[in-house]
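There are 2 protein chains.
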Amino acid sequence: MEDTQLLKGVLEGCVLGIIRKGETYGYEILSVMEAAGFENMAEGTLYPVLTRLDKKGAIACRKEKSPLGPIRKYYSITAEGEERYQEFRKNFKQLVLNTENILDENGKGWLI
Amino acid sequence: MEDTQLLKGVLEGCVLGIIRKGETYGYEILSVMEAAGFENMAEGTLYPVLTRLDKKGAIACRKEKSPLGPIRKYYSITAEGEERYQEFRKNFKQLVLNTENILDENGKGWLI
DNA sequence: TTAACCTACTTAGCATAACAAAGTAGTTGC
DNA sequence: GCAACTACTTTGTTATGCTAAGTAGGTTAA
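As you go down the protein sequences, you meet chains A and B in turn. Using the working numbering, read the first sequence as starting at 1 and increasing by one per residue. Using the working numbering, read the second sequence as starting at 1001 and increasing by one per residue.
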């Protein structure tokens, strides 16, 4: 990412957003993020997020052998995590609206 | 703000966005931010942003007596700052699109 | 067989930036 | 005098993304 600070807070919400669509593991999340446009996501960035979410009880973990590599840690969302996700969604939307209020020059709509 | 981390990176861009509309000072920027929806912005958050932007050469500073209080520091945007602002705008738009890619459930549009 | 290259997770140390809390000061009005 | 508003400063704390390195299992081809 060009502006690393912009990612703060958004990353955790996005990871929750991916996991809640179905059980998945770190390496796969990484590729989903990249496909969504988050380029050059570092592994050292993502894995600590997963550990953090796990500690907070927002996701649950299950280990399973991979057919083509070392063991995988599969994550699924918890009720607590779903709640946290909805909260993030609300906050993010508010942030975008607020920012639009300020950046918008002609009051016509969204960015250029 | 509820989710303080979300502000990171956005704040600086917003402040630039406000200053580029016309010379202004900290206390006034604070009220514009609040009017735009950024509630409870702490002064201890904003003023360091201004100092930072000034150090980077993104804004220029001029002191002037206030008609009803201590001295004001008026800021205006520089060419360097305008460049930085356009960069932020681009990055923020990209971030919103990427996040939308992930959070969007029905592919219909933006959030609920 | 060994080197290269995927897959997959871990960890240590650093930098950034928002916040809380407190302080300093000028002005106005009770 | 003192409260309330204006206006800027500073110190210390915390969260979190990044770099850079490491560990390990599997496959493929020189």
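Ideal Cβ placement from N, Cα and C applies to all residues, glycine included.
Asked                                                                                                                : Found
Integer-rounded CB distance, given that GLU23 of chain A should sit under 8 Å from TYR74 of chain A                  : 5 Å
Proximal residues to ASN91 of chain A (C-beta, below 7 Å), its chain only, five neighbours per side dropped          : none
Backbone CA spacing between LYS1056 of chain B and LEU1016 of chain B [nearest angstrom]                             : 12 Å
Contact with chain B by VAL10 of chain A, beta-carbon distance below 9 Å                                             : yes
Simplified DSSP assignment, three categories, for LYS1008 of chain B                                                 : coil
VAL49 of chain A beta carbon less than 9 Å from that of LEU1006 of chain B                                           : no
Spatially closest choice to GLY1026 of chain B from B:GLU1080, B:ASP1104, B:GLY1081 and B:SER1076, by CA coordinates : B:SER1076
Residue-level contact to chain A via CB, CYS1014 of chain B, 9 Å cutoff                                              : yes
Residues of the stretch 1020–1039 of chain B whose Cβ lies closer than 7 Å to any Cβ of chain A, in chain order      : ALA1036, GLY1037 and PHE1038
Opposing strand residues paired with ILE1059 of chain B [DSSP bridges]                                               : B:ILE1077
Alpha-carbon spacing of THR51 of chain A relative to ALA35 of chain A, whole angstroms                               : 22 Å
For ALA1035 of chain B, the first and last residue of its enclosing alpha helix (DSSP H)                             : 1026–1035
Member of A:GLN94, A:CYS61 and A:ASP104 whose CA lies at the smallest distance from the CA of GLY1037 of chain B     : A:GLN94
Reference ARG89 of chain A, options B:LEU1103, B:ARG1084 and B:TYR1047, closest by Cα                                : B:LEU1103
ALA58 of chain A vs THR45 of chain A beta-carbon contact at 9 Å                                                      : no
Backbone secondary structure at GLY1013 of chain B - three-state DSSP                                                : helix
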